Structure formats: C-alpha cells, structure tokens
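Presented below is the structure to which this report refers.
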Amino acid sequence: MESNIYSYVFAYEGTFSATLQNGGPRKLGVSHGDDINYLFPFLNSQLADLQLFNTIEDDTMIHIMTEMIGTFVKAGVPSAQLTPDWRPYQEDFRFMRLGMERSPDISMESYFLPIRMDFWYRLMGNVSVPREQLFFELYEDDTAEDVTKEDSTNAISGHSECISFQYIILLYAICLLF
Numbered sequence: 001m002e003s004n005i006y007s008y009v010f011a012y013e014g015t016f017s018a019t020l021q022n023g024g025p026r027k028l029g030v031s032h033g034d035d036i037n038y039l040f041p042f043l044n045s046q047l048a049d050l051q052l053f054n055t056i057e058d059d060t061m062i063h064i065m066t067e068m069i070g071t072f073v074k075a076g077v078p079s080a081q082l083t084p085d086w087r088p089y090q091e092d093f094r095f096m097r098l099g100m101e102r103s104p105d106i107s108m109e110s111y112f113l114p115i116r117m118d119f120w121y122r123l124m125g126n127v128s129v130p131r132e133q134l135f136f137e138l139y140e141d142d143t144a145e146d147v148t149k150e151d152s153t154n155a156i157s158g159h160s161e162c163i164s165f166q167y168i169i170l171l172y173a174i175c176l177l178f
C-alpha cells in the first residue's frame, strides 16, 4: 500500500500552552505538543486556576484541527474549509503551517527552515561513510569478508572530513540540552 505523507508545523500561539505548566503566565511561544490541546483540550482543565478562556482564534484553530484530522481519518487526505489544499510532502518538502503567532492563518509552504536543514544535511554527509568501507567488503554474491585492520584504516582515511563518533554524540547531547 502506498500512502502520501503530510507534514505540518504548528506555529499558533494560543491561550493555552504547555509552557504555562511550569509555573507562570510567562509565554515562551509554541511548545512541543501544543497542537494536541486543539484536539483534546486537556490543558484547559489543568490550567483552570489561571482562569483563562479560549479566544475566537483558539476556537477557529480547534475547528480547523478537528476538521483536518477528521477528513484525514475518513479519506486519507487532511482538509478543512477555508484552508489551502494540503499537498503531500515530496521533493520540495511541502508542509502546512498551522497558525502564525496569535493568528490562526493557515498556509502551504515549502522548505521548512532551509538553513538549519542544510546544516544537518551537510553534517550527515560528512559523517556518513558507506558501511562497506567501515567494516567489510560486499561481493557480488552478497557474502561479507572481514577487512583487516590496515584495510579498514585505509578505507576510512579517504574521509578526512569525517567527524568522529564521539563528536557526533557530543553534538547530539548539546542539541538535546537546547
């Protein structure tokens, strides 16, 4: 079965956000998982003591999100009235931007964060060495023969731009912290 992939970025800064759970009315923008509150309003009850109420914009986003998810479940294609056609994610990396700051505007865009994605693409291109050059050589009959330590070193030495595994782990840890 071949299915399309639909990608979205939830960028709507609604009244309720997971950032409010950490003790204050200070808004830090859109938090990971805030989109779920527009399908299942669990934050509304968890933050009831703040006496916050859905705005007209919040209600609009709730309507859009539930309609899109509902049509996706029924027909396999997410759509809602008054929104652009949601085109599948393909070569030009199309995605739907749901909201823009406090506005529930919806737009179809391409190339999400292109500078950041280019960084990761180039980084992974520098650290990705073909498996057969690292550990073994593949032959036409799909058998593997161990490479001697000297052959292994020679195979890797051609990739002087490669970053060592320890640096990759360090970069990953730094990304998790921030």
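According to UniProt numbering, the stretch in the sequence shown is residues 1 to 178, in order. Where is the CB? At the ideal position from N, CA and C, for every residue including glycine. Computed from a predicted structure; not experimentally measured.
Quick one: grab the DSSP three-state call for Leu-171.
helix
- Taking the beta strand (DSSP E) that Val-73 falls in, what are its first and last residues? Premise fails: Val-73 lies in the alpha helix (DSSP H), 56-75, not in any beta strand (DSSP E).
Close Cβ partners of Arg-94 (< 6 Å) along its chain, the five nearest in sequence each way excluded: Arg-87 and Ser-110
**Prompt:** Would Leu-171 pass as a contact of Leu-113 if the rule is Cβ separation under 9 Å?
**Reply:** no
Flag this pair as yes or no: are the beta carbons of Ile-64 and Ile-106 separated by less than 9 Å?
-> yes
Rounded Cβ spacing between Phe-82 and Tyr-8 (contact assumed at less than 8 Å): For clarity, residue 82 is Leu in the given sequence; the question names Phe instead. Not quite, the Cβ-Cβ distance comes to about 16 Å (not below 8 Å), so this is no contact.
Please classify Val-73 as buried or exposed, where buried requires at least 16 other C-beta atoms within 10 Å of its C-beta. exposed
query = Taking DSSP as the reference, what is the three-state secondary structure of Gly-99?
reply = strand
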